[in-house]
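Here my numbering is used: the first residue of the sequence shown is 65, the next is one more, and so on.
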Amino acid sequence: MTASLDDLPLRDDLRGLRPYGAPQAPLPVALNVNENTHPVPESVASDILDDIAVALRDVNRYPDREFTELREAFAGYLGHGLEASNIWAGNGSNEVLQHILQAFAGPGRTVFGFAPTYSMYPLLAQGTGATWVAGTRHPDYEITVDEAVAQVREHDPDVILLCAPNNPTGTPLPLEVVEAVYDAARGIVIVDEAYQEFAPKDSPSALSLLDGRPRLAVSRTMSKAFAFAGARVGYLAADPAFIDALRLVRLPYHLSALTQAAAIAALRNAPIMLGMVDEIVSQRDRITATLEALGYPPHRSWSNFVLFGGVTDPAATWRALYDKGVLIRDVGIPNHLRVTAGTEAETTAFLDALASIGSAS
Ligand SMILES: Cc1ncc(COP(=O)(O)O)c(C=O)c1O
65 MTASLDDLPL RDDLRGLRPY GAPQAPLPVA LNVNENTHPV PESVASDILD DIAVALRDVN
125 RYPDREFTEL REAFAGYLGH GLEASNIWAG NGSNEVLQHI LQAFAGPGRT VFGFAPTYSM
185 YPLLAQGTGA TWVAGTRHPD YEITVDEAVA QVREHDPDVI LLCAPNNPTG TPLPLEVVEA
245 VYDAARGIVI VDEAYQEFAP KDSPSALSLL DGRPRLAVSR TMSKAFAFAG ARVGYLAADP
305 AFIDALRLVR LPYHLSALTQ AAAIAALRNA PIMLGMVDEI VSQRDRITAT LEALGYPPHR
365 SWSNFVLFGG VTDPAATWRA LYDKGVLIRD VGIPNHLRVT AGTEAETTAF LDALASIGSA
425 S
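Following this line, the structure appears as structure tokens:
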């Protein structure tokens, strides 16, 4: 006999919610969750393994609760004059975002973002008992300074999540919008730069805005450009006082000794780990150009994926690609689908499969 959720004394504010659930299907070509589909290079994998082996010898003890060496490594990677005291990390940037919301959102507070945006934001907000408030974007998903400021003034949120570039649309976010939103807001402003490494090399990061803005945090992840999604490592940079707030809500020893060792070794090899970024960007641009030629208007993307329109029946096209062994993502935007840039062969498999379906409206 099994009970249903309705039989349990669940929190009222969680009733009716659906968990995050991107399909995990064992298809030959998986381009649905914006992973880096290139494996960790062999030389780096063996370096990481050596460090994990050393960490394993002390695994009877709790790990460094402050993960100091890892924070120093992230500070070094990010530059911008940041130090270990500016850095926080977690098991994926989802956990880092959760820490922020546990500290600064919660019951009676609001969390705001410009929709459509990363699907976990509402869930993370609601998980802390806060209310998610969805702002709007232009039909091309861009946001202007004036409109951003007007929406922030109208909703007066406790926490603002700016996804830059935005998932699931790929849209870049000018730093002027971040600055204006910060000035207009009384609450916390988070810039989620999960895909920043795929942006043009000369595009500035919101890290350059941190100095003198104690309510601002910039989050990053090793899941995308670093090809480290399975290791679960995300991080952020902010004022040291902001980091102190996160210490109040984290579980003790939340980053395992093995995770810390793996991440430190991966960061030591950052140039090799990031070696595939240019190739991924060129596959992304190839996807954009080919989709255009096939009659599926693509949206401008600074990330490792492309959102495209012109899909008469997204569920049917998604299924037809699935049946051809290609997994992409139906993000729930009418007439649109999203695809991750894969290896050259995976990208070709997707483009050929889509062309053979031929259902552009
Ligand atoms: C915008 C954005 N932020 C954060 C994440 C979470 O990444 P992770 O928890 O793997 O670091 C994702 C993953 O897809 C994302 O798209």
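Positions of the beta carbon are idealized from the N, C-alpha and C atoms, including for glycine.
All of these numbers come straight from a predicted model, not from anything done at the bench.
Here the segment 251-269 makes contact with the segment 347-367; the two share three or more CB pairs at distances below 8 Å. In the DSSP assignment, A413 falls outside any beta strand (DSSP E) and lies within the alpha helix (DSSP H) extending over E408 to I421. Sorting L146, L415, M184 and Q162 by C-alpha distance to the C-alpha of T354 places L415 at the top.
Distances from the CA of L146 to each of K265, S68 and D275 were compared; the closest alpha carbon is that of D275. As the crow flies, the alpha-carbon of V297 is around 13 Å from that of Q162.
If you draw a 10 Å sphere on the C-beta of E159, you find 16 or more other C-beta atoms in it, and that means buried. Only residues of its own chain outside the window of five on either side were considered, and among them F292 and V297 have a CB closer than 6 Å to the CB of M286, listed in chain order.
Under the three-state reduction of DSSP output, V345 falls in the helix class.
Straight across, the Cα-Cα distance linking Y126 with Y317 is about 7 Å. Comparing alpha-carbon positions, the option among H363, L165, L401 and T352 lying closest to T412 turns out to be T352. If you look at R284, you'll find it isn't in any alpha helix (DSSP H); it sits in the beta strand (DSSP E) that goes L280 to T285.
The continuous beta strand (DSSP E) containing I224 extends over residues V223 to C227. Counting C-beta pairs closer than 8 Å gives three or more between the segment 98-106 and the segment 331-341, which meets the contact rule. Per DSSP, the unbroken alpha helix (DSSP H) holding A167 starts and ends at S157 to F168. The alpha carbon of N230 has as its nearest neighbour, out of P398, W382 and R284, the alpha carbon of R284. Judged by DSSP secondary structure, L371 falls within the beta strand (DSSP E) whose first and last residues are F369 to F372. A contact is defined here as three or more CB-CB pairs under 8 Å, and the segment 133-145 fails this definition with respect to the segment 177-194.
Beta-carbon to beta-carbon, Y246 and R279 are separated by about 7 Å, close enough to satisfy the 8 Å threshold.
A Cβ-Cβ distance of about 15 Å is found for the pair I151 and A330, leaving them out of contact under the 8 Å criterion. Here L74 is exposed: its Cβ has fewer than 16 other Cβ atoms, across all protein chains shown, within 10 Å.
By the Cβ criterion, the segment 84-100 is in contact with the segment 381-393, since at least three pairs of Cβ atoms, one from each stretch, lie closer than 8 Å. Judged by pairs of C-beta atoms under 8 Å, the segment 116-126 does not touch the segment 218-227, as fewer than three such pairs exist. Apart from the 5 residues on each side of it in sequence, L239 sits with its Cβ closer than 8 Å to the Cβ of P268, A270, S272 and L273 in its chain, given in chain order.
Judged by beta-carbon spacing, G177 lies within the 9 Å limit of G199, meaning their Cβ atoms are closer than that value. Distances taken from the Cβ of E159 to the heavy atoms of ligand 1 include one shorter than 8 Å. Comparing C-alpha distances from E408 to each of I397, V345 and P398 shows the shortest one belongs to V345. Taking G156 as reference, the option from T404, F290 and D308 with the minimal CA-CA separation is F290. Shortest Cα-Cα distance from P304 to any of G172, E356, V282 and M65 involves V282. For A194, the closest of S68, G170 and T66 by C-alpha to C-alpha distance is G170. Between L385 and P361, the alpha-carbon positions lie close to 18 Å from each other. For T404, the enclosing beta strand (DSSP E) starts and ends at L401 to T404.
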